[in-house]
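Residue numbers (my numbering): 4 to 54. What follows is a set of notes on a single structure, which appears directly below.
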Amino acid sequence: MARAPLRTKPCAYCGRPFSDRKRWSGRDQWDEVLYCSRGCRASAAKQRRRA
Ligand SMILES: [Zn+2]
4 MARAPLRTKP
14 CAYCGRPFSD
24 RKRWSGRDQW
34 DEVLYCSRGC
44 RASAAKQRRR
54 A
């Protein structure tokens, strides 16, 4: 059996590509993940509130 290729997407905040992770793929939340890290997610939330 072949493993599924590691999925990647650009972070919605910093734009850096990041790959799928166990904590997301295991919960099947990859489609909901927008940011590469908690820091980016928090920063994006702050920007939204200020804007
Ligand atoms: Zn990021």
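Virtual Cβ for every residue (Gly too), placed ideally from N, Cα, C.
DSSP bridge partner residues for residue 13 (one or two, in chain order): 20
Check: residue 24 C-beta below 7 Å from any heavy atom of ligand 1: no
Check: residue 19 C-beta below 7 Å from any heavy atom of ligand 1: yes
Own chain residues within Cβ distance below 7 Å of residue 37, not counting five before or after: 15
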